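Residue numbers (this note's numbering), protein chains in the order written: chain X, 7 to 216; chain U, 551 to 1226. Take a look at the structure set out below.
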Amino acid sequence: MKKYSFRIDSRQRDIIFAPIRSKTQSCIVLLECMKLILINEVIEEKYVQGDFDLVIDKMSRVIFRTEGKIFSISFPFSVREENDGRLAFHWKSSAPIGSGVISMLRGFIESQHCIEEIGLDDFYEKASEIEKSESEFWELLKVLIFYEDGYFRYEIDPTRENGNIHPLHHFDLFYRTNNAIKLGLHEELNGDTIIDFMDSSTNCYFLKKS
Amino acid sequence: MSSSLYYNNVERSAKTVPLLNAIERYSTEQNKYIFTLCSPLGEKEYNYEYSDAFVIASPGHKILFLNYGDDQEAFNEFIEDLIEDLGFISDKFRYKERIGRPKRWREHVVQAISVDLTNIDIPLIFNNSELQDRTHSQTVELIISLLTGSINDIERVGDEVPNHLLDRLKAKIQLFDGDQTRFIYQNLEKKDITIQGLSGTGKTELLLHKLKELYIEDKESKIMFTCHNKILATDLRDRIPEFFNFMKVEEQIKWQERLWCVNAWGSGKDRNSGAYSYIVHHYRIPFQGYGSTSSFELVCETALKHIDETALQEFGFAFDYMLIDESQDFPQVFLDLCIKVSRKNVYIAGDIFQGIFDTNIVSEIKPDYLLSKCYRTDPRTLMFAHAVGMGLFESPKLRWLDDTEWNVCGYQFEKSDSGPTYLLSREPLRRFEDLSAENYESIRMIQFGANQETSLSESVLNILSELIEENPTITPNDIGIIFIENNKSTYHYADQLEQLIPRHFNFEVNKAYESKTKIDNTLFISNRNNVKGLEFPFVIVVASNIQSSRSYRNALYTMISRSFLRTYFLVEQYNNLNTSKFLEAGLQEILENGTMSVVAPSVKEQEDIKTRITYKEENQSYYDFMESVFDEVEVLPIFREGLSKSLEGIIGTKFNFNKAVEIARFNYNEMLGRDE
């Protein structure tokens, strides 16, 4: 298991920690974090408002942290460390995924507000603006639409705490309201524990009814 | 050709012609805007009985009421009536809050004179009416704007002359020039009326004014306002109600009943979605949509064939008027179609020189109105933009214009006696007189990338710090950063700036190639696409590797000329050592003297330039395709030609981008390997 850590400033925190209610929003978070990793601009301590880990294993995940909140989505691309230490992303054996195509994907996804609700006409029109030569774009768009993002969130929520109905520490699995599953926790959790969830070589965690 | 400085609506008679001609000559000689008017323009209801008098209006001078008849009483009445009407118009557009009632301003800015037509001294009249006081001059400019219907937003103009240059320029009172005024108020005896000009000459604004005139004047008319681009059409549709509101148009906008503002094609499902879709529905012709087999040219051709005299008789005209913006985007047959289906006039506005390598700048069909003054950009910036675009400071030059073409593009020139040197210059513009007065550097060239301190991001951050310091009232909306190249490093740099700018300056950033739109209160970052129609007080243009290709030079020209205060031209140092040297020297002359001394290419060189342009025109798409492949791989210029040949050998002339990039990358690495 390999772990790469990155810092985020207040603007990036606002983008990444905006409430996720749809696949579109989860894709935006994924693309934003890919962009941040590619730029890898050092953020001075005074600007730091959170961080995230990219964990590469059999399955890869990104875990985002800011005060009182942790959430995670899976990471669909393979990651390679270049000679200069920079990370490069690949899908299958294609060339590295660059900032340009990330912007194209983001523009495409965001222009529809919600890719889930795009109409055929709009899709056709949007699609015809993208050049046929952009095969990489279509490949990656398919990945984004169809990959399982495996979203879950951990929160410490003192303002809405309500005994065992809405415990101070809790997990929310899935983001669509009609799918949501909540799990309370007796104690605070840190990011490393979440990484440990993924590690198939360590002991498992068990649920226990309170 | 009428001068753009002068406009007249006084009836030309045997009596008045010598006087009017003399005033026009004076206007040209003195480079002064002068209007001679018998009544306010744009306000049709004002007519005056006395006909031996008119108004002379010119910025910097009192409003002159000139009487050449004998009836002093009737002349006085003319003055009283017209001033009363001006008072009314001033009230209507809320100018009264700013300049007060006529009784407050007329004493300072109005002068009445009676003249003897056989003995009239125009320079003396102007000298005697010159204004010294800045506030009075402003009042006059506002009154001229009322007289000519060039209404300004009085809140933008403000109460006082602002301290900072940026605010002063934003608050500058905008007046139509002669050409613009003629387009709006003259009625030509022909059906299709064309207006052409450089970009930034105010064509869209003029179409809006024309639309307003037509909408009010012809109350039963059906009007279609169209352009090719959907985003532009949407933008126009949003602007119309704002504009009508602002111009105090009392008629309601009846969308899809009297007025349409949509792009040209539209969809088959909704007749109101496009000009073409409306036309085919109107004449019961099957709609043809976008597809691999149909071009817009072809579908218009089919439609035009269907609409014969019988169809016209059966279904009538589709519209009374059509207004077409960005006509250079259309095939001629679409314009023909519009002319066919309109009862009255079709107004066609288009760019000349949109492409710097356009070979038909002076088109065979002369436009009815030609706008040569670009009000968007300081003339010095525009000159530099042209020079960079045409490679005027380089050897060999990439483009040369003949004498007529220089004129059409708004240049004056002197040829040296001794040799073929042209001393090119542009007339200074009112809008920018503050800039020249303060010796403001409206263009600055900066080299980046020599070391960490001069990295692109550091350079941009330094520029932003400087701008914020110089212009305390600056907002993110005032700045645009435009990358000329479309390659990996461009997107990388843009992403980097997107992170750094909000962190350092608290300015939100909008990358337009993602959002495809301009977002209020954000700093605009884009590649060379998605910039159409936009202008900013400050533009930062980034060029990593200056190329000679047409598309590249075109982009440089259009992007550099998008600022109205200052353009920062950022050039990567290592890649452009030679070119930069020449550009800097040329820029120096422009900034110091407002001129460019350029040696005209020899006849042989001119031939070469022409051949190159036509050759490239034929091979345009393949050439541009290769350039984009090389941009992607970031191939240095000296290797491009060789690499292009070897690539052509391998992939032929097929346009498979990814494949070409792959092969180019491999070959390029090989080339570099051999060279090392």
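Yeah, the Cβ is synthetic: ideal placement off N, Cα and C, and Gly gets one too. This one's a predicted model, so the numbers in the text were calculated from it and none came from an experiment.
Taking the C-alpha atoms as reference points, what is the distance between residue i and residue j?
| i | j | result |
| --- | --- | --- |
| Y576/U | L674/U | 11 Å |
| P881/U | L848/U | 10 Å |
| N795/U | I701/U | 12 Å |
| V812/U | Q1156/U | 43 Å |
| C959/U | H832/U | 40 Å |
| E770/U | G866/U | 15 Å |
| S827/U | L761/U | 21 Å |
| I1140/U | R994/U | 11 Å |
| S945/U | V1149/U | 10 Å |
| V1211/U | G1223/U | 18 Å |
| A937/U | V1091/U | 15 Å |
| I1159/U | P970/U | 17 Å |
| F70/X | D59/X | 7 Å |
| Q63/X | G113/X | Checking the displayed sequence, the identity of residue 63/X turns out to be Asp instead of Gln. Between D63/X and G113/X, the C-alpha separation is close to 30 Å. |
| L758/U | Y871/U | 13 Å |
| G900/U | I734/U | 16 Å |
| I162/X | L195/X | 9 Å |
| A133/X | K1061/U | 20 Å |
| S99/X | N1208/U | 13 Å |
| L719/U | F129/X | 43 Å |
| L569/U | S608/U | 16 Å |
| D631/U | S749/U | 40 Å |
Taking Cβ positions only, does residue i come closer than 8 Å to chain U?
| i | result |
| --- | --- |
| H15/X | The amino acid occupying residue 15/X in the given sequence is Asp; His does not appear at that position. Chain U contact via Cβ: present. |
| Y53/X | yes |
| I22/X | no |
| I124/X | no |
| I43/X | no |
| S99/X | no |
| E88/X | no |
| R19/X | no |
| G91/X | no |
Should residue i be flagged as near chain X, meaning a C-beta pair shorter than 8 Å?
| i | result |
| --- | --- |
| R1053/U | yes |
| L1084/U | no |
| D1174/U | no |
| E1168/U | Because E1168/U sits at a pLDDT of 48, beneath the cut-off of 50, its placement in the model cannot be relied upon, and the point is left open. |
| H686/U | no |
| H1042/U | yes |
| E1184/U | no |
| L848/U | no |
| D1045/U | yes |
| S1239/U | Given that chain U is displayed from residue 551 to residue 1226, the structure contains no residue 1239/U and the question cannot be resolved. |
| S1065/U | yes |
At which residues does the alpha helix (DSSP H) containing residue i begin and terminate?
| i | result |
| --- | --- |
| K890/U | Q882 to V891 |
| M940/U | P929 to M940 |
| G91/X | Run containing G91/X: none; DSSP gives neither H nor E here. |
| Q580/U | V567 to Q580 |
| L44/X | K29 to I45 |
| C850/U | F846 to H856 |
| Q838/U | Q838/U -> no alpha helix (DSSP H), and no H or E assigned at all. |
| K148/X | S141 to F152 |
| L632/U | Q622 to K642 |
So residue i packs on residue j, CB below 8 Å; how close in whole Å?
| i | j | result |
| --- | --- | --- |
| I874/U | Y897/U | 7 Å |
| V707/U | I694/U | No, V707/U and I694/U are not in contact; Cβ-Cβ is about 13 Å, not under 8 Å. |
| L974/U | T1145/U | 7 Å |
| N918/U | T744/U | Contrary to the premise, residue 918/U reads as Asp rather than Asn in this sequence. D918/U to T744/U, Cβ: 5 Å. Contact. |
| L920/U | K753/U | Contact doesn't hold; Cβ gap of about 11 Å is too wide. |
Which residue comes first and which comes last in the beta strand (DSSP E) that contains residue i?
| i | result |
| --- | --- |
| H611/U | No beta strand (DSSP E) contains H611/U, which DSSP labels as neither H nor E. |
| Y10/X | K8 to I14 |
| Y550/U | Beyond the ends of chain U as shown, which are 551 and 1226, falls residue 550/U; an answer cannot be given. |
Touching by the beta-carbon criterion (3+ pairs, under 8 Å), the region 174-193 of chain X and the region 148-159 of chain X: yes
Three-pair Cβ contact test at 8 Å for the region 915-930 of chain U versus the region 717-730 of chain U: yes
Three or more C-beta pairs under 8 Å: does that hold for the region 788-803 of chain U against the region 812-821 of chain U? no
Should the region 30-41 of chain X be regarded as contacting the region 67-86 of chain X, the criterion being three or more beta carbon pairs within less than 8 Å? yes
Touch check for the region 1071-1078 of chain U and the region 1025-1043 of chain U: three-plus C-beta pairs under 8 Å? yes
Would the region 679-699 of chain U and the region 588-599 of chain U be scored as touching if the rule is three or more Cβ pairs under 8 Å? yes
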